[in-house]
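J.:
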Amino acid sequence: SSEGGRGHVRLDARDDRAERALLQKFVRLAHRHDVILAWNGERFDDRVVAGRAEHLDVPFDPELYHWLDHLKLFKRYFARSEDGAVTSSFALDSIAEAFLDGELKVPVERLARERGWDGVGDLFAWIWERAPDLLKVYNNVDVEIMERLEAKTGFVALHLALCRLCRVLPNSRSQYPMT
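As numbered in this note's numbering, residues 11 to 189 make up the sequence shown, in order.
#1: From LEU74 to LEU172, what does the alpha carbon distance come to, in whole angstroms?
#2: Of all Cβ atoms in chain C, is any one closer than 7 angstroms to the Cβ of ARG177?
#3: To the nearest angstrom, how far is the alpha carbon of ALA122 from that of LEU175?
#4: In angstroms, rounded to a whole number, what distance separates the CA positions of SER91 and ASP152?
#5: Is it buried or exposed for PHE134, if we count other Cβ within 10 angstroms and need 16 for buried?
#6: Consult DSSP for VAL45 and reduce its assignment to one of helix, strand or coil.
#7: Evaluate the contact criterion for the segment 30-39 versus the segment 128-147: three or more CB pairs, one atom per stretch, below 8 angstroms.
#8: Give me, in chain order, the residues of the same chain whose beta-carbon lies closer than 8 angstroms to that of LEU66; leave out the 5 immediate sequence neighbours on both sides.
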């Protein structure tokens with residue numbers, strides 16, 4: 011989301027040329043923002059984007075951007091559910107269920123099975139090839155959940171304010187005090 015704006019960028023085709031164009035568009039969009047936010051992004055999104063850009067010779071230096079992992083922020087600032095119990099999982103759907111009135115992510119595996127996925131092979135590769143509309147819904151719901159979590163908790167805004175006050179860069183490393 012960009013200041014309330016919403017959009018979805020998708021490959022025009024499943025080849026290197028199209029993926030290169032997609033990554034170039036991502037780099038242009040990322041360049042307009044101070045922080046790139048993703049749930050569990052440090053373990054997945056950051057690495058995938060940087061690796062694919064390198065593989066496809068797309069000029070992209072991930073060190074120029076402030077990557078902020080919303081999952082790590084959540085763990086840092088609030089590791090309990092509203093009833094005081096420690097959450098057992100930090101998966102986005104578990105957090106959403108605990109904090110957003112039982113809201114869950116898109117049941118992507120069930121929906122894929124309804125569309126013919128036999129449970130063999132990589133689920134998201136199958137969705138990519140055969141049900142891209144489902145992938146779009148899945149990704150959009152993830153963004154909406156993260157927006158609702160931020161509206162309820164204010165953790166991203168709090169962290170950005172603390173970074174400004176402490177004069178540190180707002181990235182995942184800034185979440186932990188240095189000793």
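Built from N, CA and C at the ideal position, the CB exists for glycine as well.
T.: So, to answer that:
#1: 20 angstroms
#2: No chain C is present in this structure, which holds just one protein chain.
#3: 46 angstroms
#4: Residue confidence for SER91 is low, a pLDDT of 48 falling below 50, so the modelled location carries little weight; the figure read from the coordinates is stated next. Near 19 angstroms, if we compare the C-alpha coordinates of ASP152 and SER91.
#5: exposed
#6: strand
#7: no
#8: ASP26, GLU29, ARG30 and LEU33
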